[in-house]
Amino acid sequence: MAQYSFPILENDELLPCMEEMELPITAAQMAKPTYDVVGPLFESVLISLTGITREELNQPLFAAIDAFEFPELHDESIAARNFFKHLAKLMSACGVKDLGIKDIHKPEPARLRRHLSAIINFAKFREEKLVVYSEMSAELDALVEEQQRLQELLAQKQAEKQRMLNDRAAQQEEASGVLAEVSELTGQNQALNKQFMALAGEVKGLKAQCNSLADAAQAEKFELLAAKQENDRLNDQIVQSPEKFQRSLVELTSAVEAERAVVEDTDRTCSDVMARQEMVGKVDKEVAKCIELMGELETAVATKKQHSRTAKELRESISGAQLDAGDLEQQQQHLKRQLATLFDRIKRLESQAAVKKEAMESSIEEQLRDKEAVQAENAAQQALCLQHEAETRAITEKSSELKSHHQAAVAALLARYQQLRGEVASYNKALQSVMAGQQRQQDAGSGRAGRDQ
């Protein structure tokens with residue numbers, strides 16, 4: 138597994154980075170950190186990197202306050218605890234697992250440098266990933282909005298499709314009723330047409346019979362009138378015997394009665410014919426009604442055809458809506474695949490972050506082990522230093538003693554040196570005087586030899 142650890146920065150790298158993060162700190166403050174410097178600095182770091190506000194940091198936990206008998210005594214401690222909890226969580230994400238209260242209230246330069254190095258490393262990592270995260274978040278938000286819009290459009294199309302189907306069903310039901318009514322009216326019309334044709338022939342025959350009977354009745358009336366006139370004339374001319382007159386009267390009466398019976402039969406026939414003619418009038422009215430119904434039927438058939446065309450258009454609209462719904466469903470599936478891809482990328486990034494986190498934790502554990510080893514080594518070195526200090530003190534004491542002896546020996550040597558120097562000077566002076574005497578003797582001897590020659 139890869140090991141990862143943040144670098145410990147020096148002042149020439151750390152201070153410009155802190156200034157770039159608008160968290161200025163001086164080298165003097167780094168060398169001698171105090172709570173007044175470190176506390177506000179960590180608070181600004183927490184606000185800058187986590188987005189939490191200062192009011193939220195100072196917001197008391199009301200559930201915890203209610204548990205105290207005197208909550209006003211714990212306002213500052215609860216706020217400080219809340220601040221430390223958020224800071225420890227942030228530092229843990231930065232790779233620092235051993236943050237303590239002492240690092241805030243009694244900070245040490247080395248640990249402060251380590252903590253600020255971890256914060257700078259995390260801030261740079263966050264700045265690098267924040268661009269990708271923002272782009273992916275914006276893309277995800279856009280895809281979610283597009284999905285919602287398409288879902289709303291799909292729901293609208295489905296509602297419109299359902300409304301069209303309902304209208305189509307209602308129109309089909311209405312068309313079925315109209316078709317049934319048309320079939321019924323067509324049957325009635327055909328029956329009435331047959332009845333009309335039969336009655337028309339019968340009426341024609343009855344009219345002809347009525348006309349012939351009326352003509353016969355009129356002729357009989359004329360004949361009866363002529364017979365009466367002739368009877369009156371004959372009665373006026375002929376004086377008959379009462380018996381013969383009586384017989385003639387009886388015959389005439391019988392003839393009149395017969396004629397009256399014929400007339401009554403004719404009247405009855407005429408009444409029947411008139412009744413039949415009235416029935417024919419009623420039939421004509423019924424036929425007119427049938428013709429009117431046929432007109433209405435034609436209108437209903439035209440309406441049915443219009444409804445059929447409308448239903449066909451609705452079917453075409455429904456087919457188009459179904460195609461649109463299919464396209465929308467394909468777009469939705471495409472968006473779902475894109476969302477799945479994004480979620481896979483997010484999961485992959487999360488897994489990579491988890492791997493890096495695990496690597497950082499392993500690195501931190503290794504560093505902690507190294508720290509323990511270093512602390513043990515430091516303890517051994519400290520013990521060795523104490524031993525060396527004791528030896529150094531002994532050596533220093535011995536050195537002081539040797540130094541005093543050395544100084545005394547040096548003083549004695551210097552005195553001896555001065556003495557020897559004086560003796561050498563006296564010796565040199567005597568030697569020079571001797572050598573000068575010898576030189577004079579040599580010069581004198583050389584002069585005598587020259588004169589002798």
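Numbers in my numbering are just positions in the sequence shown, counted from 1, shifted up by 137.
Yeah, the Cβ is synthetic: ideal placement off N, Cα and C, and Gly gets one too.
Computed from a predicted model, the values in this text were never measured in an experiment.
query: Which residues in the same chain as Y172 place their Cβ atom closer than 8 Å to its Cβ, once the five residues preceding and following it in sequence are excluded?; result: I241, H242, K243 and P244
query: Pick helix, strand or coil for T163, following the three-state DSSP scheme.; result: coil
query: Put G176 into one of helix, strand or coil per three-state DSSP.; result: helix
query: Short of 7 Å in beta carbon distance, which residues of its chain neighbour I256, apart from the five on each side in sequence? Order them along the chain.; result: V182 and C231
query: In chain order, what residues of the same chain have a beta carbon less than 8 Å from the beta carbon of T641, not counting five sequence neighbours either side?; result: Summary: the structure shown does not reach residue 641, with the chain confined to residues 138 through 590, and so no result is reported for it.
query: Rounded to the nearest angstrom, how far is the Cβ of K177 from that of N258, given a contact under 8 Å?; result: First, the amino acid is wrong: residue 177 is Pro here, not Lys. That pair is no contact at about 21 Å.
query: Would DSSP call L601 helix, strand or coil?; result: Limits of the chain in this structure are 138 at one end and 590 at the other, which puts residue 601 out of reach.
query: Using only alpha-carbon positions, find the residue among E157, I184 and L146 that is nearest to M167.; result: L146
query: Quick one: residues in its chain with C-beta nearer than 7 Å to the C-beta of A260, no 5 flanking neighbours on either side, listed in chain order?; result: M158 and L186
query: Spell out a yes or no on whether the region 292 to 312 and the region 387 to 397 are touching, meaning 3 or more CB-CB pairs, one atom from each, closer than 8 Å.; result: no
query: Check this for me: beta carbons of R251 and V233, under 9 Å apart or not?; result: yes
query: Out of M334, N219 and P161, which one is the CA nearest neighbour of L194?; result: N219
query: According to DSSP, simplified to helix, strand and coil, what is I184?; result: helix
query: Spatial neighbours of S254 within its chain, please: C-beta separation below 7 Å, excluding the five flanking residues on both sides.; result: F143, P144, I145, L146 and L151
query: Say the cut is 8 Å; is the CB of I532 nearer than that to a heavy atom of the ligand GTP?; result: Of the ligands one can find in the structure shown there are none, so the ligand GTP has no counterpart to examine.
query: Measure how close the beta-carbons of Q308 and T447 come, nearest whole angstrom, since I'm counting them as under 8 Å.; result: 7 Å
query: Going by alpha carbons, who is nearest to E283 out of I532, A562 and E466?; result: E466
query: Which word fits F592, buried or exposed, when buried means at least 16 other C-beta atoms lie within 10 angstroms of its C-beta?; result: Residue 592 is absent from the structure shown; the chain starts at 138 and stops at 590.
query: Is the beta carbon of N348 sitting closer than 9 Å to the one on M431?; result: no
query: On the DSSP letters alone, give me the boundaries of the alpha helix (DSSP H) that D235 sits inside.; result: First-last for D235: undefined, no H or E at that position.
query: Find the nearest neighbour of A477 within the set L277, E453, A164 and K365, judged by alpha-carbon distance.; result: L277
query: Which first and last residues belong to the alpha helix (DSSP H) in which K239 is found?; result: K239 to H242
query: Whole angstroms is fine: what's the gap from A247's alpha carbon to S541's?; result: 43 Å
query: Taking DSSP as the reference, what is the three-state secondary structure of L151?; result: helix
query: Tell me the residue span of the alpha helix (DSSP H) that contains L194.; result: R191 to N195
query: Taking Cβ to Cβ, would you say R413 is nearer than 9 Å to L343?; result: yes
query: Given this structure, state the Cα-to-Cα distance separating P170 from E265, to the nearest angstrom.; result: 30 Å
query: For E357, which residues of its own chain have a beta-carbon under 8 Å away from its beta-carbon, when the five flanking residues on both sides are left out?; result: E396, V399, V400 and T403
query: May I have the straight-line CA-CA distance separating V315 from F333, to the nearest angstrom?; result: 25 Å
query: In its own chain, which residues sit with a C-beta less than 7 Å from the C-beta of G559, not counting the 5 before and 5 after it?; result: none
query: T323 by DSSP, collapsed to three states: which one?; result: helix
query: Give the secondary structure of Y141 by DSSP, where H, G and I count as helix, E and B as strand, and everything else as coil.; result: Bear in mind that the predicted position of Y141 carries a pLDDT of just 47, short of 50, making it unreliable; the figure below should be weighed with that in mind. Note: Y141 maps to coil in three-state DSSP.
query: Contact defined as beta carbons within less than 8 Å: I believe I238 pairs with F262. What is the distance between those atoms, to the nearest angstrom?; result: With 8 Å as the limit, I238 and F262 do not qualify as a contact, their Cβ atoms being about 27 Å apart.
query: Pick helix, strand or coil for R250, following the three-state DSSP scheme.; result: helix
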